[in-house]
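Under our numbering, read the sequence shown as residues 198 to 316, first letter to last.
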Amino acid sequence: MGERILAWRHTGFSVHSRVRSKTKTEAERVGKYMIRPLLSLERLSFSEKEGKVLYRHGKEREEVERMDYLEFIARVTSHIPEKGQVTVRYYGLHANAHRGKVKKASQDPRRLKELIRKS
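In structure tokens, the structure reads:
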């Protein structure tokens with residue numbers, strides 16, 4: 198799989214990679230996250246009769262959302278940044294949620310030790 202990724206044409210997307218995984222499990226989790234598709238094609242269909250895109254979701258895929266194809270395209274592409282726009286996302290220990298927990302726990306040293314052990 199590594200050879201396939203290295204053969205791709207560079208799109209301008211980049212990732213800060215100086216922080217290395219400590220375990221194989223951690224590296225696999227990040228890898229799975231990177232190759233997971235935005236949405237499942239198995240859950241997607243088009244109703245020519247209605248002229249609508251149908252997306253099944255939920256645990257049993259019983260919930261069906263119907264939308265105009267232009268709305269569907271707008272939703273799928275809404276997360277794509279404009280050309281030249283720099284987007285920075287923080288995950289793990291650098292994420293806002295984690296930093297908030299640390300800040301809250303810092304007022305109680307016992308909670309901070311417990312939080313550090315879990316991280």
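Beta carbons: idealized from backbone N, C-alpha and C, even for Gly.
Nearest CA to the CA of residue i: which residue from the options?
{"i": "Asp265", "options": "Glu247, Thr208, Arg201", "result": "Glu247"}
{"i": "Val261", "options": "Ser242, Glu223, Met231, Thr274", "result": "Ser242"}
{"i": "Ser244", "options": "Val283, Arg263, Pro234, Gly255", "result": "Arg263"}
{"i": "Gly228", "options": "Ser218, Leu236, Ser303", "result": "Ser218"}
Go ahead and label residue i buried or exposed: buried means 16 or more other beta carbons lie within 10 angstroms of its beta carbon, across all protein chains shown.
{"i": "Val250", "result": "buried"}
Using a beta-carbon distance below 7 Å, is residue i in contact with chain C?
{"i": "Leu267", "result": "Looking for chain C here will not work: only one protein chain is present."}
Identify, in the order they occur along the chain, each residue of the same chain with its Cβ nearer than 6 Å to the Cβ of residue i, setting aside the five sequence neighbours on each side.
{"i": "His254", "result": "Glu260"}
If I measure Cβ to Cβ from residue i and keep anything under 8 Å in the same chain, skipping five residues before and after, which residues do I get?
{"i": "Thr284", "result": "Pro278"}
{"i": "Leu203", "result": "none"}
Tell me the start and end of each unbroken alpha helix (DSSP H) in the stretch 203–279 that is at least 4 residues and wholly inside, in chain order. 221–232, 266–274
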